[in-house]
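Student: First, the structure itself, so that you have it in front of you.
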Amino acid sequence: MAGFEDIIGHEDIIQHFKMSIERGKLSHAYILNGEKGTGKKLVTRVIAKTLQCEQGTADACNACRSCKQADSGNQPDIIWVTHEKPSVIGVDEVRDQVNQDITVKPYASRYKIYIIPDAQLLNPQAQNALLKTIEEPPEYAIIFLLTDNVDKLLPTIISRCIVLNMKPLREMDMLRYMTDVLGIPEEQAYFCERFAFGNLGKAVRLATSENYQAIKESSVRLLRNIYKMSTEEIIQAAKRLSEYKLEMQDLMDIMQMWYRDVLMFKISNSVNQLVFREEYQAMKQQSNKISYEGVDNVIKALDKMKVRLDANVNFDVAMELLLMTIKENYNG
Ligand SMILES: [Zn+2]
Numbered sequence: 001m002a003g004f005e006d007i008i009g010h011e012d013i014i015q016h017f018k019m020s021i022e023r024g025k026l027s028h029a030y031i032l033n034g035e036k037g038t039g040k041k042l043v044t045r046v047i048a049k050t051l052q053c054e055q056g057t058a059d060a061c062n063a064c065r066s067c068k069q070a071d072s073g074n075q076p077d078i079i080w081v082t083h084e085k086p087s088v089i090g091v092d093e094v095r096d097q098v099n100q101d102i103t104v105k106p107y108a109s110r111y112k113i114y115i116i117p118d119a120q121l122l123n124p125q126a127q128n129a130l131l132k133t134i135e136e137p138p139e140y141a142i143i144f145l146l147t148d149n150v151d152k153l154l155p156t157i158i159s160r161c162i163v164l165n166m167k168p169l170r171e172m173d174m175l176r177y178m179t180d181v182l183g184i185p186e187e188q189a190y191f192c193e194r195f196a197f198g199n200l201g202k203a204v205r206l207a208t209s210e211n212y213q214a215i216k217e218s219s220v221r222l223l224r225n226i227y228k229m230s231t232e233e234i235i236q237a238a239k240r241l242s243e244y245k246l247e248m249q250d251l252m253d254i255m256q257m258w259y260r261d262v263l264m265f266k267i268s269n270s271v272n273q274l275v276f277r278e279e280y281q282a283m284k285q286q287s288n289k290i291s292y293e294g295v296d297n298v299i300k301a302l303d304k305m306k307v308r309l310d311a312n313v314n315f316d317v318a319m320e321l322l323l324m325t326i327k328e329n330y331n332g
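In terms of our numbering, the sequence shown opens at residue 1 and continues consecutively.
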């Protein structure tokens with residue numbers, strides 16, 4: 001039942017479409033660009049529904065047949081392009097689902113709307129096939145390309161589209177949504193909001209994942225004490241972390257954020273910029289025990305670990321090595 005009024009943030013994009021609808025001036029192709037979790041699909045779903053509403057105003061009526069079909073995901077003139085392989089959208093998929101289909105007039109609506117999520121996965125042949133359609137679209141066609149990386153699209157495509165960038169949400173909007181709508185405890189909501197830097201999808205995922213809380217607690221406990229741990233204790237700690245093998249990226253993110261905070265504290269000597277605000281005492285202590293160079297080395301080691309994990313190395317060994325490297329970078 002979502003309408004524009006249910007979307008948190010993204011006022012400029014909504015305003016753009018409301019004005020375009022009122023003036024009857026729509027482009028045939030749009031790119032919504034923004035990282036995963038910023039709400040591209042939700043925003044596009046509401047735009048498409050509003051465009052197709054039988055009432056034809058800048059807000060969907062939520063009552064007509066088209067609105068009801070759109071809400072249940074069955075509006076025949078709103079087409080979500082799908083792809084079989086997880087990492088690529090091929091030329092056949094564009095030909096079958098867009099180029100051929102688009103020549104058939106809308107079934108019952110004003111427009112025929114095509115939405116291509118993960119458009120960064122379109123391979124060059126698929127993009128060239130799509131380009132032909134974007135160059136000479138039928139009057140009734142509107143194409144939305146949703147992407148987390150607009151640079152993966154050919155300049156010839158970009159130049160024919162209106163590019164709309166998803167902006168990070170404001171702190172207060174995210175907090176209000178997490179505490180009031182989702183009922184997440186305030187302190188947890190605060191941490192996740194800071195950690196996600198304006199990405200609501202990410203903040204919500206973190207705040208609602210039980211594992212994430214456990215990973216956060218384990219890694220904070222470890223990082224608080226790592227500089228005084230013995231080799232034996234470090235080996236044990238590496239073993240314990242293997243429990244989170246499947247969530248390694250989250251674990252690495254948390255550890256990187258910890259050292260980003262150590263660095264921030266060293267520079268500013270203030271709690272305001274910290275993600276781990278409640279770890280103020282630990283940050284103060286740590287910032288005295290590790291040099292700028294040391295923090296830099298640790299952050300680099302964490303980057304390296306991310307690459308190693310992608311290459312399927314032995315987890316325990318890699319983790320032990322990482323923790324030893326972190327420890328070595330503290331002074332004496
Ligand atoms: Zn309607």
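Where a beta carbon is used, it is the ideal one built from N, C-alpha and C, also for glycine. Here the structure is a predicted model, which means the values were calculated and not measured.
Sort out for me which residues DSSP pairs W80 with in a bridge.
Tutor: Beta-bridge pairing links W80 to I115.
Student: What whole-angstrom Cβ distance do V94 and A58 have, given they're in contact under 8 Å?
Tutor: Not quite, the Cβ-Cβ distance comes to about 31 Å (not below 8 Å), so this is no contact.
Student: Measuring CA to CA, which of M324, D6, A301 is closest to I47?
Tutor: Among M324, D6, A301, the Cα nearest to that of I47 is on D6.
Student: Rounded to whole angstroms, what's the CA-CA distance from M319 to E233? Just pull it up for me.
Tutor: One C-alpha to the other measures close to 13 Å.
Student: Any contact of the stretch 13-21 with the stretch 170-184, i.e. 3+ C-beta pairs under 8 Å?
Tutor: Touching, no.
Student: Which of helix, strand or coil does DSSP assign to F144?
Tutor: DSSP places F144 in strand when its eight states are reduced to three.
Student: Return the CA-CA distance between N165 and A301, expressed in angstroms with no decimal places.
Tutor: One C-alpha to the other measures close to 32 Å.
Student: For ligand 1, is there any heavy atom lying closer than 7 Å to the beta carbon of N74?
Tutor: Not under cutoff, so the answer is no.
Student: Measuring only the C-alpha atoms, how far is Q188 from F276?
Tutor: Distance between the alpha carbons of Q188 and F276 is about 11 Å.
Student: Considering only their Cβ atoms, is the gap separating V307 from N329 smaller than 8 Å?
Tutor: Cβ atoms of N329 and V307: not closer than 8 Å.
Student: The beta strand (DSSP E) with A29 in it runs from where to where?
Tutor: Element bounds for A29: 29-33.
Student: Tell me, please, which residues DSSP counts as bridged to N165.
Tutor: For N165, which the question treats as bridged, DSSP gives the partners N33.
Student: Give me the Cα-Cα distance between M257 and L121, rounded to the nearest whole angstrom.
Tutor: Each residue's alpha carbon lies about 29 Å from the other.
Student: Determine the closest residue to P117 out of F197, E139, E35, with distance taken between C-alpha atoms.
Tutor: When only C-alpha atoms are compared, the closest one is E35.
Student: Tell me the residue span of the alpha helix (DSSP H) that contains N288.
Tutor: Per DSSP, N288 belongs to the alpha helix (DSSP H) from 280-289.
Student: Between Y212 and L175, what straight-line distance do the alpha-carbon atoms span, to the nearest angstrom?
Tutor: Going from the Cα of Y212 to the Cα of L175 covers about 18 Å.
Student: For Q267, does the count of other Cβ atoms within 10 angstroms reach 16, so buried, or fall short, so exposed?
Tutor: Checking the sequence shown, residue 267 turns out to be Ile, not Gln. That one is exposed.
Student: Could you tell me whether the Cβ atoms of L323 and I226 are closer together than 8 Å?
Tutor: Result yes, Cβ atoms of L323 and I226 sit closer than 8 Å.
Student: Taking 7 Å as the limit, tell me which residues put their C-beta closer than that to any heavy atom of ligand 1, in chain order.
Tutor: Cβ-based neighbours of ligand 1 within the cut-off: C53, E54, Q55, A60, C61, N62, A63, C64, S66, C67.
Student: Determine the burial state of Y190: buried for a count of at least 16 other Cβ atoms within 10 Å of its Cβ, exposed for fewer.
Tutor: Per the 10 Å Cβ criterion, buried.
Student: Determine the closest residue to G37 out of T133, A196, D101, with distance taken between C-alpha atoms.
Tutor: That would be A196, whose Cα lies nearest to the Cα of G37.
Student: Looking at the structure shown, is Y107 part of a helix, part of a strand, or coil, going by DSSP?
Tutor: If DSSP states are grouped into helix, strand and coil, Y107 belongs with coil.
Student: When DSSP labels each residue in this structure, what does L154 get in the three-state scheme?
Tutor: Of the three classes helix, strand and coil, the one that applies to L154 here is coil, per DSSP.
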